[in-house]
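Protein chains in written order, with the numbering used here: chain A, 255 to 376; chain B, 255 to 376. The beta carbon of each residue, even a glycine, is placed where N, CA and C say it ideally should be. Take a look at the structure set out below.
There are 2 protein chains.
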Amino acid sequence: MLDSPQCPDCHRINDVLSRVGDRWSVLVVISLSRYHILRFNELKRKLGISQRMLSLTLKGLERDGLVSRTYHPTIPPKVEYTLTPLGLAFHEPLSALGHWALQNLDAIDAARGGYDAAAGKR
Amino acid sequence: MLDSPQCPDCHRINDVLSRVGDRWSVLVVISLSRYHILRFNELKRKLGISQRMLSLTLKGLERDGLVSRTYHPTIPPKVEYTLTPLGLAFHEPLSALGHWALQNLDAIDAARGGYDAAAGKR
DNA sequence: CGGTATCCTTACGGATACTG
DNA sequence: CAGTATCCGTAAGGATACCG
């Protein structure tokens, strides 16, 4: 399928984005950028993410070198997550996208309204 | 779930990104930005996307006001897609993200290699 | 507290066939 | 050519229960 596309680096971009560009990864990076350092359950509560997905997402981000994990073997245990330099760098274009999203949410909603209204009166 | 998160606009950002931030929408916007105007089957061939997904993706993008569709009632019919000003604006932060992805693909792969190697020797 | 393991439901997305 | 409709397999992701 994506073996012979004409768009040269489309599948490479797609490749990276499918790794770090998913729903939860984006929100985790944004949150860590804002709060600098967070514990597992803090992230969980902030994002309203399920325990399973947060675990998977953090593991993926750590694997890709965007997030660093620090385990404190206290009782009860304490694990802190923060962005690596690479994660911080990733946050830059990401926040640009986030800001655009927030600024243009209204425009998109308006376009949707118009489209649906036009489609509605058949 | 996302009703009472502490991260104020996280779910709003998430909202927009879940609309226009999926795999195929991103690639369609990038392609349309590069080639300015494309027909249905040109996009299909370039992206290696299935007919069904392209149709759904384009309809979604048109609905959100990012893509404009022009139908020429010739025989055979001819439909051209191009980015609206809003779509063009969206492409800016998106291409920044794409460039970052391409530039840092190696760093990510390296991090992955290191992580997997460390996990591998149990 | 910070996870992992299991189950289960949904929704994404490809293949195919058909229409204008 | 430019879609729509249908079928179907896979995988994303929540809920729950349990472990260190």
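Check: Is Gly319(B) near Ala361(A), with beta carbons less than 8 Å apart?
Finding: yes
* Please work out which residues of its chain come closer than 7 Å, Cβ to Cβ, to Gln305(B), disregarding the five sequence neighbours upstream and downstream, and give them in chain order. => Here Gln305(B) has Lys298 as same chain residues with Cβ atoms under 7 Å from its own Cβ, once five neighbours each way along the sequence are excluded.
message = Using the Cβ count rule (16 or more neighbours within 10 Å means buried), how would you classify Asn295(A)?
response = exposed
Note to self: Taking the alpha-carbon of Asp370(B) as reference, which of Tyr369(A), Leu359(A), Leu348(A), Lys313(A) has the nearest alpha-carbon?
What the structure shows: Lys313(A)
- Let me know the secondary structure DSSP gives Thr336(A) once reduced to three states. strand
| query | Cβ atoms of Leu359(B) and Arg266(A): under 8 Å apart, would you say? | reply | yes
Could you give the first and the last residue of the continuous alpha helix (DSSP H) run that contains Ser309(B)?
From DSSP, the alpha helix (DSSP H) with Ser309(B) extends over 305-317.
So with CB distances below 8 Å, who are the chain A contacts of Val283(B)?
Those do not exist, as Val283(B) stays about 11 Å from chain A at its closest Cβ, beyond 8 Å.
Report task. Give me whichever residues DSSP pairs with Thr324(B) in a beta bridge. Result -> DSSP output for Thr324(B) lists Glu334(B) as bridge partner(s).
Going by C-alpha to C-alpha distance, which of Leu342(B), Phe344(B), His345(B), Trp354(B) sits closest to Pro347(A)? Trp354(B)
request  = Check the Cβ-Cβ distances between Val280(A) and every residue of chain B, and say whether any is below 8 Å.
outcome  = yes
Could you check if Tyr325(A) is buried or exposed, using at least 16 other CB atoms within 10 Å of its CB as the buried criterion? exposed
(message) Could you compute how far the alpha carbon of Leu286(A) sits from the alpha carbon of Leu342(A)?
(response) Each residue's Cα considered, the two are about 9 Å apart.
Note to self: I need the straight-line Cα distance from Arg311(B) to Ala365(B), nearest angstrom please.
What the structure shows: A quick correction: the sequence has Thr, not Arg, at residue 311(B). When rounded, the distance between both Cα atoms is 33 Å.
Legend entry - Ile329(B) (DSSP reduced to helix, strand or coil): coil
Just to confirm before moving on: does the CB-CB distance between Ser349(A) and Thr338(A) stay below 8 Å? Note that the C-beta distance between Ser349(A) and Thr338(A) is not below 8 Å.
Could you check whether the Cβ of Leu369(B) sits closer than 8 Å to any Cβ belonging to chain A? Reading off the sequence shown, one finds Tyr at residue 369(B), where the question assumed Leu. Interface residue, yes.
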